[in-house]
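Under my numbering, the first residue of the sequence shown is numbered -9, with each subsequent residue one higher.
Glycine included, every Cβ here is placed at the ideal spot set by N, Cα and C.
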Amino acid sequence: MNRFLCLGEIMVEMAPAEGGLFHMGYAGDTFNTAWYARRLLPDDWSVGYGTAVGTDQVSDDMLGFIAAQGIDTQAIRRDPARTVGLYMISLANGERSFSYWRGQSAARTLGDDPAWLDAILTGQDVVQFSGITLAILPPAGRTALCAALMRARARGTHVAFDTNLRPRLWEDAKTMAQGLLMGAGVADTVMPSFDEEQMAFGDITPDDTIARYRGLGATCVAVKNGAEICHVWSKDEGDYRYDPPMVPKVVDSTAAGDSFGAGFLAARAQGKSVAEATGQAADLAAKVIQQRGALAPQIFQKGTP
Ligand SMILES: O=C(O)C(=O)C[C@H](O)[C@H](O)CO
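As structure tokens, then:
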């Protein structure tokens, strides 16, 4: 069995629905990636999620939901002193903004126990984490998590980092930039978004973004760029450019990057080329942003995209 693990925080999600109502679900950037990866990878891959939740009813319900999605819960620690976080999506013309209630969530303790981290990371073929995974941790937790990922990488795990910038979750812009560099520094594959890299590092072109992460040791960098051309570089295949399909109407951009990451990593994990991986990633993201909420089961109903 091959093993794919995503690490971070899953929250209760309140997504706007018709008639001023909200639909309650469960989501979180790295969990969304796990959820899409589960639908893309064949059965000889296990897809797991690594996090910490509480021991209360909502944490039990969340675990039940995760397991029901076919996602392995063995890497989920229970913390009786804490519970899970919550976020609400607000939409304006298809662009989303988030309000969070996650200050004391159990997932903030993800980096607290290096022995537990080593145990859950051992034997994983691919491990994905994000800028949000790091942002929610205290400084010592960030360092401990990156050190554990570095040890896993040395044992042969492919580590993937989605930079996913959320300035409000970081202490300040300087700490955020340092955190992103630390995360990228332990990763084989880095998946940044160009607009965020411009904001955090003042990049002029996607090639600046690629150069920075290559310099930190990445072997593959896929720069997402909304509706614009996606620039990808890999050590084995060199430069690749992909012009994403036109999306007639963006309904909700939530999880665009998360689903792109799932499409890209699932294809690469199965030995597909950068071109195939980018095509699968961009096609999936294009479908996801035409649906409300982070997880869109309806797009899989008539077969795999
Ligand atoms: O913003 C976050 O922390 C989330 O995980 C909420 C969303 O699901 C995520 O941002 C979508 O990418």
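Spatial neighbours of residue i in its chain, beta-carbon cut-off 8 Å, leaving aside the 5 residues before and after
i     : result
Q281  : V241, D242, Q288 and I289
T45   : R68, D69 and P70
M52   : I0, V2, Y16, V43 and V74
I122  : G(-2), E(-1), G18, D19, T20, N154, R156 and L159
M(-9) : D34, W35 and S36
E161  : none
T63   : G38, Y39, L53, I56 and A57
Beta-carbon contacts of residue i that lie in its chain and below 6 Å, excluding the five residues immediately before and after
i    : result
D178 : H148, V149 and T209
G9   : none
M78  : M4 and S89
I61  : A24, R28, V37 and Y39
H13  : A5 and A7
Span of the beta strand (DSSP E), counted from its first residue to its last, around residue i
i     : result
W35   : W35 to V43
D152  : H148 to D152
L76   : L76 to A82
G18   : Looking at the DSSP string, G18 is not in any beta strand (DSSP E), and its letter there is neither H nor E.
S296  : What the structure shows of the chain is the stretch from -9 to 295, and residue 296 is not part of that stretch, so it cannot be assessed.
M189  : Looking at the DSSP string, M189 is not in any beta strand (DSSP E); the run it does join, the alpha helix (DSSP H), is F184 to F191.
W223  : C220 to S224
L(-5) : N(-8) to L(-3)
Any non-hydrogen atom of ligand 1 within 7 Å of residue i CB
i    : result
N22  : yes
F88  : yes
T77  : According to the sequence shown, residue 77 is Tyr rather than Thr. Yes, the Cβ of Y77 comes within 7 Å of a heavy atom of ligand 1.
R282 : no
I61  : no
G247 : yes
D19  : yes
R156 : yes
I122 : yes
T165 : no
T244 : yes
Contacting residues, own chain, Cβ-Cβ under 7 Å from residue i (five flanking each side not counted)
i    : result
P295 : Note that P295 scores a pLDDT of 46, beneath 50, so its modelled location is shaky; the value from the coordinates is reported in the next line. Correct list, in chain order: D273, L274, K277 and I289.
E138 : Looking at the sequence provided, one finds Ala at residue 138 rather than Glu. Excluding positions up to five away in sequence, the list reads P104, L107, D108 and L111.
Endpoints, the alpha helix (DSSP H) within which residue i is located
i    : result
R143 : P129 to A144
E8   : Element bounds for E8: n/a, residue is neither H nor E.
A212 : Note, A212: premise wrong, no alpha helix (DSSP H); beta strand (DSSP E) at C210 to V213.
Q118 : Looking at the DSSP string, Q118 is not in any alpha helix (DSSP H); the run it does join, the beta strand (DSSP E), is V116 to S120.
M166 : A163 to G175
R204 : P196 to G205
I110 : P104 to L111
Beta-bridge pairing of residue i - partner residues as DSSP gives them
i    : result
A62  : Per the sequence shown, the amino acid found at residue 62 is Asp instead of Ala. The partner list for D62 (beta bridge, DSSP) reads G38.
G228 : S224
W91  : L76
V2   : Y16 and L76
V237 : BP columns for V237 are empty, so no partner.
T179 : A150 and C210
R86  : L81
P68  : The residue asked about is misnamed: residue 68 is Arg in this sequence, not Pro. DSSP lists V43 as partners of R68.
* List in chain order: all unbroken alpha helix (DSSP H) runs of 4+ residues lying wholly within the stretch 243 to 287. => For the stretch 243 to 287, whole alpha helix (DSSP H) runs of length 4 or above, ordered along the chain, are 246 to 259 and 264 to 278.
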